[in-house]
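Heads up: the structure comes next, in structure tokens.
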Ligand SMILES: [Mg+2]
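In the numbering used here, the protein residues as written are 44 to 275.
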């Protein structure tokens, strides 16, 4: 059995610009901080709580308390809800993402989600984008702020969920430079999702197959067999 594991932000859901903004506002409003560095690639761990940890360490020398962590998550959901209600700006799917998840399942493969977002905020976005995630094994940054550990937790959950000892092949689908790094570390083939400058960036980083979205679906299904571990 083949496992297809999806990242969420920028891969299944098109929420990156909306999100960046809401994330920064949530941290500022929930914790009273300002001057947050938004070059996420400069952070040691590009996950929601990994960045929060670093923001707070820089500002005051230690990471968030569990209460502060939760306060940021709830503020973030409230801000995204507000954006949808007042400005009609909401998280949508990357074109064809929901259909591709269903098609991969229909083809008899396993599907899982591994995202650097919190479970609470990720579920909000996945629901908004109408991705059929409810029955899928998944892991979020609540289990670890290290991306490879989130992916490995999702793998353990997928093995249990689909009742297999080992998958014949694991393919990760992601959009970020950190996804390339993580797949290299785990020796997992990667399909990059990105357009224009981001697609070029992923190819330059050694990603064998880069698609702008999931249409037409057969291109994505072909890439599942052909994708390779990112070259060094
Ligand atoms: Mg992403």
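We put the beta carbon where it would ideally sit given N, CA and C, even for glycine.
Any heavy atom of ligand 1 closer than 7 Å to the beta-carbon of residue i?
i	result
residue 112	no
residue 53	yes
residue 149	no
residue 93	no
residue 82	no
residue 219	yes
residue 50	yes
If you draw a straight line from the C-alpha of residue i to the C-alpha of residue j, how long is it?
i	j	result
residue 50	residue 103	31 Å
residue 246	residue 252	8 Å
residue 215	residue 129	35 Å
residue 168	residue 55	10 Å
residue 190	residue 88	7 Å
residue 241	residue 218	8 Å
residue 194	residue 78	31 Å
residue 208	residue 196	14 Å
residue 201	residue 48	9 Å
residue 182	residue 107	21 Å
residue 161	residue 254	26 Å
residue 58	residue 126	12 Å
residue 228	residue 221	11 Å
residue 139	residue 74	37 Å
residue 185	residue 156	13 Å
residue 225	residue 212	16 Å
residue 115	residue 199	28 Å
residue 175	residue 146	11 Å
residue 270	residue 187	27 Å
residue 171	residue 132	11 Å
residue 149	residue 67	38 Å
residue 118	residue 83	20 Å
residue 113	residue 250	35 Å
residue 261	residue 142	11 Å
residue 53	residue 137	7 Å
residue 97	residue 111	14 Å
residue 135	residue 206	32 Å
residue 258	residue 144	12 Å
residue 238	residue 275	22 Å
residue 94	residue 230	25 Å
residue 71	residue 268	44 Å
residue 256	residue 65	24 Å
How many whole angstroms separate the CB atoms of residue i and residue j, which I take to be in contact at a CB cut-off of 8 Å?
i	j	result
residue 266	residue 234	5 Å
residue 223	residue 243	Their Cβ separation, rounded to whole angstroms, is 13 Å, which puts residue 223 and residue 243 out of contact at 8 Å.
residue 159	residue 90	3 Å
residue 164	residue 120	6 Å
residue 179	residue 154	5 Å
residue 152	residue 44	7 Å
residue 46	residue 210	4 Å
Contact criterion: CB-CB distance below 8 Å. Does residue i meet it with respect to chain C?
i	result
residue 268	This model lacks chain C altogether; it includes just one protein chain.
Completely contained beta strand (DSSP E) runs for the segment 130 to 209, where each covers 3 or more residues: 153 to 157
task: Jot down the residue ranges of each uninterrupted alpha helix (DSSP H) in the segment 223 to 257, minimum 4 residues, whole runs only, in chain order.
output: 239 to 247
query: Considering only residues of the segment 53 to 92, which uninterrupted alpha helix (DSSP H) runs meet the minimum length of 4 residues and lie entirely inside it, listed in chain order?
result: 59 to 74
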